[in-house]
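Residue numbers (the working numbering): 50 to 256.
Note that the Cβ used here is the ideal one computed from N, Cα and C, for glycine as well.
Since the model is a prediction, treat every value here as computed from it, not as a measurement.
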Amino acid sequence: MAATGAALYLFVTIHLLGNLQVFLGPEAINSYAAKLKSVPEIVWGARLGLLATVGLHILTTIQLMRINAKARPTAYTKKANSASTVASRTMYLSGPTIAAFIVYHLLHLTVGSAHPQYSETDVYSNIVFGFRVWWVSAAYLIAMGLLCTHLRHGVQSMFQSLGFNHPLQTPRIKKFANAVGILYFTGFASMPLAALTGFLPPFFERL
Ligand code: HEM
50 MAATGAALYL
60 FVTIHLLGNL
70 QVFLGPEAIN
80 SYAAKLKSVP
90 EIVWGARLGL
100 LATVGLHILT
110 TIQLMRINAK
120 ARPTAYTKKA
130 NSASTVASRT
140 MYLSGPTIAA
150 FIVYHLLHLT
160 VGSAHPQYSE
170 TDVYSNIVFG
180 FRVWWVSAAY
190 LIAMGLLCTH
200 LRHGVQSMFQ
210 SLGFNHPLQT
220 PRIKKFANAV
230 GILYFTGFAS
240 MPLAALTGFL
250 PPFFERL
């Protein structure tokens, strides 16, 4: 689970950095997307790798749920959540919600069937016009919030799986995980917010 989580982290990081180029203007992000698409081996290799990784991440989640259920066959009569966080208790909920978000996201920005004016080549205008629909941006912000609580808990669990669990190290790891969650949320949320508020200036020069 930790290994597939780390691989998904890598994808999310590359995807975030790639998309943040929207702030550099249409040429930057459109030529980046065109360059990626011009090498189908990379695109399809990454897609298949991503699909396999997501599949394995879900499979290991199911295995973990089974192990947990076996370890505690009878439910607690009174459940006091002493050491867990909201993020850790909602991992099983945020996971499927993120999966549903990805399906919508693909129809919105990759296939284009859920987009008001999709263009095959103009990723910049797909982002700008896609996020100008306020409820779409609102849904993205909620999904990004869930994704980032998932990522935050994921970082913490990854360190625990690697054996870092110590009264001195654990508070530092928690701080680091919080910072990671906030950083990724800020990065992802900045795009719908910028499109909604018109904070992508080069776009207006093209109108
Ligand atoms: C505001 C945040 C996001 C923006 C602006 C964004 C933007 C985009 C765009 C423009 C594409 C289409 C690229 C192209 O066809 O050239 C895309 C594809 C994709 N995005 Fe995102 N994305 C965001 C968040 C996410 C998140 C959080 C995830 C995963 C957890 C994700 C996963 C994907 C996947 C799997 C694809 C399909 C890649 C492919 O196979 O072509 N995206 N995204």
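- When Cβ pairs closer than 8 Å are counted between the two stretches, the stretch 138-157 is seen to touch the stretch 184-192, the count reaching three or more.
- 8 Å or more divides the Cβ of Gly-236 from the Cβ of Gly-54.
- Taking C-beta separations shorter than 8 Å and ignoring five residues to either side along the sequence, the partners of Ala-83 in its chain run Thr-170, following chain order.
- According to the DSSP assignment, Thr-198 belongs to the alpha helix (DSSP H) that extends over 183-210.
- DSSP places Asn-117 in the uninterrupted alpha helix (DSSP H) bounded by 89-120.
- Setting aside the 5 residues that flank it on each side, Leu-245 is surrounded in the same chain by Phe-180, Arg-181, Trp-183, Ser-186, each with a C-beta closer than 8 Å to its C-beta; the list follows chain order.
- Taking one beta carbon from each stretch, the stretch 65-74 and the stretch 227-242 have 3 or more pairs nearer than 8 Å; the two touch.
- Your pair Gly-247 and Arg-201 does not check out as a contact, with CB atoms roughly 30 Å apart and the cut at 8 Å.
- In terms of side-chain proximity, the C-beta atom of Leu-66 is found no nearer than 7 Å to any non-hydrogen atom of the ligand HEM.
- One alpha carbon belongs to Met-140, the other to Leu-249, and they sit about 34 Å apart.
- Annotated as distal: Ser-210 and Ala-56, with beta-carbon spacing of 8 Å or more.
- Around the CB of Ala-226, 16 or more other CB atoms lie within 10 Å, so the residue is classed as buried.
- Rounded to whole angstroms, Phe-60 and Leu-66 show a C-alpha spacing of 10 Å.
- Within the model, the alpha-carbon separation for Phe-178 versus Gln-166 is close to 7 Å.
- The C-beta of Leu-113 has fewer than 16 other C-beta atoms within 10 Å across all chains shown, which makes the residue exposed.
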